[in-house]
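Counting from 1, one number per residue, gives the positions in the sequence shown under the UniProt record's numbering. Here a beta-carbon is modelled for each residue, glycine too, at the ideal position from N, C-alpha and C. Predicted model only: the values in this text are computed from it and were never measured. Accompanying notes for the structure given below.
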Amino acid sequence: MITIGHALLSPPTSVGRALVSIVLTAGFYVLAHAVTAGVVTPLQSYIFPEATVFASLLYLPHGVRVVSAWLFRWTALPGLILGAALSEWLFTDPATLQNLIPVIILSILIGAISAPLVFESLRQLGAPAYAKPGSPIDWRALYTVGIVSSLLNSVGQMFVFDSMVSPAGAMLILSIYTIGDIFGFLAVKNILLWIHKLVSR
1 MITIGHALLS
11 PPTSVGRALV
21 SIVLTAGFYV
31 LAHAVTAGVV
41 TPLQSYIFPE
51 ATVFASLLYL
61 PHGVRVVSAW
71 LFRWTALPGL
81 ILGAALSEWL
91 FTDPATLQNL
101 IPVIILSILI
111 GAISAPLVFE
121 SLRQLGAPAY
131 AKPGSPIDWR
141 ALYTVGIVSS
151 LLNSVGQMFV
161 FDSMVSPAGA
171 MLILSIYTIG
181 DIFGFLAVKN
191 ILLWIHKLVS
201 R
């Protein structure tokens with residue numbers, strides 16, 4: 001049975017814990033976005049060229065959102081915002097970025113808050129799903145957060161980009177947002193499990 005170690009969750013000080021969460025979260029977010037932009041997006045653009053502008057069928061950063069919020073709780077939020085902002089700066093066309101700055105900022109905030117909000121909602125309902133040192137992973141809770149936060153993010157992103165999406169393509173883009181976030185979460189989860197098995201040998 002996989003358990004969560006103390007080292008990652010309990011750095012020496014609260015300041016140290018916050019810095020660790022920001023650096024790790026932002027770094028892995030940018031890496032996940034790079035893989036999505038460099039591999040997934042070019043392939044997807046051949047199948048859904050219109051929808052690819054807005055959403056990915058395998059959005060790995062959503063997996064980073066869920067895992068970082070699971071490990072670091074609300075302290076993951078600055079790292080998620082920083083990682084998303086850096087990703088937009090690095091991988092978005094400069095002209096597009098300049099023209100859509102207000103929309104992109106709102107999109108970043110909605111994406112960043114989706115997973116922490118669901119985790120905190122579960123805690124308020126008496127069903128905490130956060131990682132605990134030495135405790136087994138509650139997979140059901142983790143899957144719940146991954147799916148619900150993807151739905152929350154998808155609906156939020158559709159509101160943000162509403163003026164840019166044609167009514168005919170709205171449902172397709174909403175579906176791709178949701179599927180991409182869920183598949184991205186599952187992919188990151190499986191990658192982490194594979195790494196854990198390699199390290200544990």
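Query: Rounded separation between Gly5 and Phe159 - CA only; Result: Any reading at Gly5 must be qualified, since the residue scores a pLDDT of 47, below 50, and its modelled position is unreliable; no value is offered.
Query: CB contact flag (Phe185, Gly146, <7 Å); Result: yes
Query: Reference Val165, options Gly83, Asp181, Leu19 and Ala55, closest by Cα; Result: Ala55
Query: Rounded C-alpha distance that separates Ser175 from Leu151; Result: 9 Å
Query: Limits of the alpha helix (DSSP H) - the one that Val118 falls within; Result: Ile101 to Gln124
Query: Counterpart residues of Pro94 in DSSP-defined beta bridges; Result: Answer is none; Pro94 lacks a bridge partner.
Query: Buried or exposed by the 16-neighbour rule on C-beta atoms within 10 Å, applied to Ala95; Result: exposed
Query: Distance, Ser45 Cα to Leu117 Cα; Result: 31 Å
Query: Status (buried if at least 16 other CB within 10 Å, exposed otherwise) for Gly38; Result: exposed
Query: Inter-residue Cα distance where the pair is Pro11 and Leu172; Result: Low confidence applies to Pro11: its pLDDT is 49, below 50, so where it sits in the model is not reliable, and the reading given next is rough at best. The straight-line gap from Cα to Cα measures roughly 43 Å.
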